[in-house]
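Okay, so here's the structure we're looking at.
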Amino acid sequence: MSLQVLRKRKPFVTCEIKFLTSGNTTNLTNHLESNNDKKHTELTETRESEKSAKRQKQQESATKQLMLQSSKQRTHGYGKSLCHASFDRTLVNMLVADFQPASIVEDEGFARFLKVIDERYQPPSCRTFMRDHLP
1 MSLQVLRKRK PFVTCEIKFL TSGNTTNLTN HLESNNDKKH TELTETRESE
51 KSAKRQKQQE SATKQLMLQS SKQRTHGYGK SLCHASFDRT LVNMLVADFQ
101 PASIVEDEGF ARFLKVIDER YQPPSCRTFM RDHLP
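Pasting the structure below:
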């Protein structure tokens with residue numbers, strides 16, 4: 001055998017057999033499977049637990065990402081989107097139908113009610129409401 005091949009062989013501590021290493025553990029795994037069921041079972045269980053831990057970590061990361069996106073949506077409101085305009089029109093219709101004053105949009109109780117319905121909707125101020133939404 002050449003000197004290079006001898007250098008690539010590493011001893012397996014359990015049974016003192018030297019295996020040719022080529023960057024993977026296939027030779028060792030095959031040896032354990034055929035000669036040492038107990039060690040092979042330990043190796044398999046270790047690999048499975050490592051895979052399980054990795055999967056769990058990936059799932060936790062994905063969950064954190066979804067929570068981050070959800071949090072970002074809650075804190076960034078609607079801006080001037082169609083959804084915001086639809087809420088404004090519905091609010092105008094409610095005020096007109098129920099003969100409510102426009103100042104209701106600045107009442108503390110109404111603000112709490114809106115936060116329960118949709119955290120992202122920010123109603124216009126009373127002045128803006130009177131100027132832009134009521135005829």
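Position 97 of the sequence shown, counting from 1, maps to 97 under full-length UniProt numbering, and the rest follow consecutively. Glycine is no exception: its CB is placed at the ideal position from the N, C-alpha and C atoms.
Beta-carbon contacts of residue i that lie in its chain and below 8 Å, excluding the five residues immediately before and after
i    : result
S125 : V105 and E106
E118 : Inspection of the sequence shows that residue 118 is occupied by Asp rather than by Glu. Taken in chain order, the residues that qualify are F87.
Per-residue burial, residue i [other beta carbons within 10 Å of its own, 16 or more giving buried]
i    : result
F129 : buried
F99  : exposed
L32  : buried
L82  : exposed
L66  : exposed
L91  : buried
S2   : Residue confidence for S2 is low, a pLDDT of 43 falling below 50, so the modelled location carries little weight and cannot support an answer.
Contact with chain D by residue i, beta-carbon distance below 8 Å
i   : result
T90 : Considering every chain present, this structure includes no chain D. It has just one protein chain.
Opening and closing residue of the alpha helix (DSSP H) in which residue i lies
i    : result
S86  : L82 to A97
A102 : That residue, A102, is in no alpha helix (DSSP H); it is neither H nor E in DSSP.
R112 : E108 to I117
Sequence-distant residues of the same chain with beta carbon closer than 7 Å to residue i, five excluded per side
i    : result
A102 : L95, C126, F129, M130 and L134
Q59  : none
Contact test: residue i Cβ vs the ligand PLP heavy atom, cutoff 7 Å
i    : result
D118 : What this structure holds is no ligand at all, so the ligand PLP is not there to describe.
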